[in-house]
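Report on one structure; see the data block that follows.
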Amino acid sequence: MLLTTGYTMIRAFVSGFADGVTKAYKTFFSNKKKLTILGESGVGKTTFIKYLKGKTEKEALETTQTINSEKESIKIDKVSFDIVDMGGSKTNYKSWVKQVKDTDYLLYFFNISSIFKKDTDYRIKDDMKQINEYIYNSKNIKKVFIIGTHCDKAKDCDNDQFYQKIIDSKIYKIMLANLGGSDMVCTIFGSLNSTKNFNKISDTVIKVINDEE
Ligand SMILES: Nc1nc2c(ncn2[C@@H]2O[C@H](COP(=O)(O)OP(=O)(O)OP(=O)(O)O)[C@@H](O)[C@H]2O)c(=O)[nH]1
Ligand SMILES: [Mg+2]
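Sequential numbering of the sequence shown, starting at 31, is according to the working numbering.
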């Protein structure tokens with residue numbers, strides 16, 4: 031785990047929350063909370079939810095494009111919570127805004143490769159323009175997660191400097207500023223290519239939310 035001042039960065043692929051995870055799950059799911067997952071198409075929003083629902087790795091990794099939105103009430107330990115998976119198309123922006131206004135926790139997913147490819151970060155900038163005012167005016171939002179996925183595809187993914195480059199990039203700073211700033215945001219980098227890697231991300235999310243409640 032790497033924590034720095036100014037913002038919270040947690041490298042999900044570095045295990046650090048094995049202890050207390052069961053307790054974290056129990057506490058986390060003891061109250062119904064609203065979570066919204068946003069991000070452009072193909073970043074892993076539905077994959078994340080499928081893992082949360084207990085699907086196998088094979089099932090979770092099948093591509094299923096979300097057209098509008100899907101609401102899930104996920105029960106673990108007899109307690110349910112509402113999680114909204116939004117389609118990543120820009121045609122869903124109106125619904126995104128509605129969800130942002132009404133959510134307790136927002137998870138914004140992006141594919142880390144979009145940070146380094148020239149001219150591919152325009153979509154993230156557009157997303158930020160849509161949602162930023164609602165985040166700053168929301169009375170409900172307790173925490174926003176920036177989740178960088180597809181780290182398994184990056185050849186330098188086991189190198190700290192690689193993640194520092196993302197943190198130092200202009201587009202990351204734009205995300206951080208628009209999603210509520212360093213006090214509001216928790217950043218996680220990881221992969222959804224396996225159940226093990228999913229667990230590293232979800233355990234971190236749950237732990238942070240737990241600390242918030
Ligand atoms: N290798 C790798 N594949 C991933 C990762 N995250 C998601 N995928 C794959 O990317 C594809 C798209 O993932 P989805 O979860 O369907 O994407 P989405 O964000 O829900 O996309 P929309 O529903 O179109 O908005 C799937 O085939 C996943 O298996 C990752 O971290 N690593
Ligand atoms: Mg989807």
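For each residue, glycine too, the CB sits at the ideal point set by N, CA and C. Computed from a predicted model, the values in this text were never measured in an experiment.
If we ignore side chains and look at the alpha-carbon of each, how far apart do residue i and residue j end up?
| i | j | result |
| --- | --- | --- |
| residue 59 | residue 120 | Low confidence applies to residue 59: its pLDDT is 48, below 50, so where it sits in the model is not reliable, and the reading given next is rough at best. Their Cα atoms are separated by approximately 31 Å. |
| residue 241 | residue 208 | 23 Å |
| residue 72 | residue 233 | 22 Å |
| residue 136 | residue 122 | 16 Å |
| residue 113 | residue 182 | 26 Å |
| residue 210 | residue 171 | 10 Å |
| residue 161 | residue 154 | 11 Å |
| residue 225 | residue 166 | 34 Å |
| residue 94 | residue 117 | 10 Å |
| residue 57 | residue 235 | Reliability of the predicted coordinates at residue 57 is poor, the pLDDT of 49 falling under 50, and the value obtained from them is presented with this limitation in mind. Taking the straight line joining both Cα atoms gives about 13 Å. |
| residue 90 | residue 230 | 16 Å |
| residue 68 | residue 142 | 15 Å |
| residue 158 | residue 88 | 32 Å |
| residue 198 | residue 189 | 15 Å |
| residue 186 | residue 202 | 18 Å |
| residue 184 | residue 178 | 12 Å |
| residue 152 | residue 62 | 35 Å |
According to DSSP, simplified to helix, strand and coil, what is residue i?
| i | result |
| --- | --- |
| residue 222 | coil |
| residue 115 | strand |
| residue 121 | helix |
| residue 234 | helix |
| residue 229 | helix |
| residue 86 | coil |
| residue 217 | strand |
| residue 91 | coil |
| residue 197 | helix |
| residue 79 | helix |
| residue 67 | strand |
Considering only C-alpha positions, which residue in the set the options is nearest to residue i?
| i | options | result |
| --- | --- | --- |
| residue 130 | 222, 66 and 235 | 66 |
| residue 213 | 176, 144, 231 and 228 | 176 |
| residue 146 | 87, 169 and 194 | 194 |
| residue 132 | 227, 64, 140 and 98 | 64 |
| residue 196 | 140, 87, 128 and 243 | 140 |
| residue 239 | 126, 215 and 223 | 215 |
| residue 206 | 188, 192, 187 and 173 | 173 |
Thinking residue i and residue j are a contact (beta carbons under 8 Å), I'd like their distance in whole angstroms, please.
| i | j | result |
| --- | --- | --- |
| residue 92 | residue 115 | At roughly 15 Å, the Cβ-Cβ gap does not stay under 8 Å, so residue 92 and residue 115 are not in contact. |
| residue 102 | residue 83 | 7 Å |
| residue 244 | residue 81 | Outside the shown range of the chain (31 to 243) lies residue 244, about which nothing can therefore be said. |
Quick check: is any heavy atom of ligand 3 less than 7 Å from the C-beta of residue i?
| i | result |
| --- | --- |
| residue 179 | Looking for ligand 3 in the displayed structure turns up nothing; the ligands present are ligand 1 and ligand 2. |
| Where are the beta strand (DSSP E) runs, 3 residues long or more, that stay fully inside the region 126 to 183, in chain order? | 135 to 141 and 173 to 179
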